[in-house]
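One structure is given below, encoded as structure tokens.
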Amino acid sequence: MVDKRRSVVLADVDSMYVSAERIFNVGLNRRPVVVLSNNDGCVVARSKEAKALEIGMGEPWFKVRTRPSCRDVVALSSNYELYGDFSSRLATLCGQLAPRVEPYSIDECFLEFPAGEALDAAVCARERSARWLGLPVTVGIGRTKTLAKIATNHAKDSGIGVFSIDALSRAERAELLASIPVGEVWGIGGRLSARLAAHGVTTAKALADLDPGWVRRAYTIVVERTVRELQGVSCIPLTEQPAPRRSIMHCRHLGQPATKQDEVAAAASAFAQAVSAKLRRLDLAVPAVTVMLSTGGFGTGPPHHAQATQGFPVPLNAAGQLATTAARLARGAWRPGHRYKRVGVLASDLVQARRAQSLWPDDPRHDKLAAVLDTITARHGRDLAGYGRSGIRGPSGWDWRMRQEMRTPRFTTRWDELPVVS
DNA sequence: TCTGGGGTCCTAGGACCC
DNA sequence: TCTGGGGTCCTAGGACCC
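Numbering-wise (this note's numbering), the first sequence opens with residue 289 and increments by one.
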């Protein structure tokens, strides 16, 4: 009898950011390496050697760097352009192997196969990724996405490259699920695991043994789906065609807190131009823009948030209009006496740009100007040219730009940053 | 001194209508 | 004293993911 069932394969790059950095710098091999978030704030990726030093995910770098045990750790600023490029190479590689592929995140790809073909394909994906891209990949196989996630985590924990949860007997599978804390199940975060624990549910097995109908009434449909997926019933299908973007946000901690109205306006204007560039690249337009200011929660006193929204008569994506509007909104939302640490510009309810009209429909110079500014920004960064005073450092020396002092070159996407072999 | 950024989906509750 | 019901739309907030 032909087995018509499907298997989900998850290909997950080991320490993606560190692995991408190591491709161009073999000196990083076998050393503890971490990659930092924007502003060089937190640790967002760790090599195996760094994990062994008990450096936690999300730990602030300024704390880690002072530990005696971490003296020899190499820290790098994140180079998203490099990681994004390797991410799309991995997706391409997977696409050549599988009839159906969903690039899920910057370091993960779901593939779907008829059940009998999954294991060979998984081995092949791992070999090709290592040989063709230089990226180490761990692969997990299961009947559903949630089970494939569990298989991948188990493969990583036990140091094997490929693992299929489908290959286990019923008893072995129960044993594996019983060894996994419920909070490690995909879709179950800190809040839900605390609530589940109150019901006596502390392992993946206990979650899988619940009645889905009860879970739906006691929790939500999201948790119900997770329970069914653990039981082997697929509820979260592969989505080959990503759903259209609903929102685009550009939100940053400022390199230095802003206290002046001009300062928040300058940052909002600059971020709006970044949003505009992304909108135009995706051929989207936005019917309203929101600016958010906040003081951040680590100082003394409660954090202060302010936000303001402005709608447009027709959806648009022009950099000049978005920048002017965002600057005005920021001025309006600003209140004296606060140290603003974070500014965000949000474009939501996005629509196709072709269906929208520009408020400046007849002047092609605006499109040309925007294109030129995008080129300058891409090549030289945001502080050289822009609308308003966004890019220019204030007279007081205030500088909102993020710190990124340890970024490697964008080897594969910039001609002038190509690696040189001598 | 120094603590990321960018998304999605779901639910509850209020406003409003007939 | 007694005080509809059902539907839709919108928003804020919660929870999760990487």
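No residue lacks a Cβ here, since even glycine has one placed at the ideal position from N, Cα and C.
This one's a predicted model, so the numbers in the text were calculated from it and none came from an experiment.
- Within a 10 Å sphere around the beta-carbon of Phe350 sit fewer than 16 other beta-carbons, which makes this residue exposed.
- DSSP places Ala486 inside the alpha helix (DSSP H), whose first and last residues are Gly478 to Ala486.
- Comparing alpha-carbon positions, the option among His487, Thr491 and Lys493 lying closest to Trp502 turns out to be His487.
- DSSP, read as helix, strand or coil, puts Arg698 in coil.
- Taking the C-beta atoms as reference points, Val521 is found no nearer than 8 angstroms to Glu400.
- Within the region 336 to 363, the complete alpha helix (DSSP H) segments of 4 residues or longer fall at 336 to 340 and 349 to 352, listed in chain order.
- Buried is the label assigned to Leu617, since at least 16 other Cβ atoms lie within 10 Å of its Cβ.
- For Lys437, the enclosing alpha helix (DSSP H) has its first and last residue at Lys433 to Asp445.
- If the five residues before and after Val515 are omitted, its C-beta is found closer than 7 angstroms to the C-beta atoms of Leu495, Ala496, Leu498, Pro500 and Val503, all from its own chain and listed in chain order.
- When secondary structure is reduced to three states using DSSP, Arg540 falls in the strand class.
- When DSSP states are grouped into helix, strand and coil, Gly599 belongs to the strand group.
- If you check the CB distance, Leu364 and Arg702 do not come in under 8 angstroms.
- Here Trp420 has Leu381 as same chain residues with Cβ atoms under 7 angstroms from its own Cβ, once five neighbours each way along the sequence are excluded.
- Following the DSSP letters along the chain, one finds Tyr628 inside the beta strand (DSSP E) bounded by residues Tyr628 to Ser636.
- For the pair Thr426 and Ala641, the Cα-to-Cα distance works out to about 39 angstroms.
- Contact between Asn605 and Ala576 does not hold, since their C-beta atoms are separated by about 12 angstroms, which reaches or exceeds 8 angstroms.
- Per DSSP, Leu298 is one residue of the beta strand (DSSP E) stretching across Arg294 to Val301.
- With a cutoff of 8 angstroms on beta-carbon distance, Ser335 and Leu378 are scored as not near each other.
- When secondary structure is reduced to three states using DSSP, Ala386 falls in the coil class, being assigned neither helix nor strand.
- Annotated three-state conformation of Pro591 is coil, per DSSP.
- Val301 is a Cβ neighbour of Ser307, given a cutoff of 8 angstroms.
- In this model, Ser375 and Ile394 are separated by some 5 angstroms (Cα to Cα).
- DSSP places Leu604 in the strand class (E or B) of the three-state scheme.
- In this structure, Thr491 sits near Ala466, with a CB-CB distance shorter than 8 angstroms.
- Residue state for Gly404 is assigned as helix, using DSSP reduced to three classes.
- The residue among Cys358, Arg388 and Ser325 with its C-alpha nearest the C-alpha of Arg294 is Arg388.
- Ala333 carries a strand assignment under DSSP once its states are collapsed to helix, strand and coil.
- Secondary-structure assignment with DSSP links Glu396 through a beta bridge to Asp300 and Ser393.
- For Pro500, the enclosing alpha helix (DSSP H) starts and ends at Pro500 to Ala506.
- The beta-bridge partner set that DSSP reports for Leu581 consists of Ala594 and Val631.
- Straight-line measurement puts the Cα of His541 at about 20 angstroms from the Cα of Thr597.
- Straight-line spacing of the CA atoms in Thr440 and Ala635 works out to 35 angstroms.
- A Cβ-Cβ separation of about 4 angstroms places Trp474 in contact with Lys437 under the 8 angstroms criterion.
- Around the beta carbon of Gln561, a 10 Å sphere encloses 16 or more other beta carbons of the protein chains shown; the residue is thus reported as buried.
- Three or more pairs of CB atoms, one per stretch, sit closer than 8 angstroms, so the region 528 to 548 contacts the region 622 to 630.
- Membership of Leu324 in any alpha helix (DSSP H) is not indicated; the residue belongs instead to the beta strand (DSSP E) covering Val321 to Leu324.
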